[in-house]
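Peer 1:
Numbering (the working numbering), first residue to last: -16 to 237.
This is the structure we're talking about:
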């Protein structure tokens, strides 16, 4: 492992999103808080998903995880497509990086951005409603694994796409629907049987359900099942991404 090279690329990627923090951190935080204010105001007192947990408190972990994973995806996908369109990808490909070193740098930056946005949402949300923290280590594990998985998906999208509207289509037709249908705003146990079973086939559901368990000690599915799904997704996407980077898929001819 060339740790110096990996850290250098990681620093470059973190600086890229940190320089425009109002767009990459503040804007997602504000959007999540708007969701919280609107849905919390409308449904507070009318819906009780978990016994003894207010709807607004239930909503916060879902919004947190949704914001974290969407920004992790956006970080890697936008970085790669910008580099390809502007032609600066050559400066990443020329140095003696291995595919795995490049992968780690991009994923590390995606995780850091996702966590930064998540912390921002949480710090502002707790002024609105008190949220218990049942298991901090479970929360961090799912936040990191969720960011890892979505960062890897962002890499795949960035390598596949040839222009910005293809990234937008990938996000609009795949990432956003799967996120909104993963139990962010509701428990899947409240769904009709067919939709309940379909929801259990949505891998994004396990990210949010396991993450929510860390706050309340309650979830729709066993937390170990959610963790297992996340670990399998992490392993599979790591293999896919590293092999795509190694082959230079749509990068060397960009």
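Don't be surprised by glycine CBs; every beta carbon is placed ideally from N, CA and C.
1) Could you check which residue in 73, 72, 82, 197 has the C-alpha nearest to that of residue -14?
2) Could you give the DSSP three-state label for residue 211: helix, strand or coil?
3) In terms of alpha-carbon separation, which member of 38, 104, -1 lies closest to residue 60?
4) For residue 27, which residues from the same chain have a beta carbon less than 7 Å from its beta carbon, with the 5 sequence-adjacent residues on both sides left out?
5) Which residue comes first and which comes last in the alpha helix (DSSP H) that contains residue 189?
6) According to DSSP, is residue 84 part of a helix, a strand, or is it coil?
7) Indicate whether residue 144 and residue 156 have their beta-carbon atoms separated by less than 8 Å.
8) In the DSSP assignment, find the unbroken alpha helix (DSSP H) run with residue -10 in it and report its ends.
9) Out of 220, 218, 23, 124, point me to the one whose CA is closest to residue 194's CA.
10) Is it right to say residue 148 is buried, meaning 16 or more other beta carbons lie within 10 angstroms of its own, or is it exposed?
11) Three or more C-beta pairs under 8 Å: does that hold for the region 169 to 176 against the region 89 to 99?
12) Please list the terminal residues of the continuous alpha helix (DSSP H) segment that includes residue 123.
13) Taking 6 Å as the limit between beta carbons, can you name the residues of its chain near residue 134, skipping five residues before and five after?
14) What separation, rounded to the nearest whole angstrom, lies between the Cα atoms of residue 120 and residue 105?
Peer 2: So, from the data block:
1) 82
2) helix
3) -1
4) 37, 38, 39
5) 186 to 199
6) helix
7) no
8) -14 to 1
9) 124
10) exposed
11) no
12) 119 to 143
13) 55, 59, 90, 93
14) 16 Å
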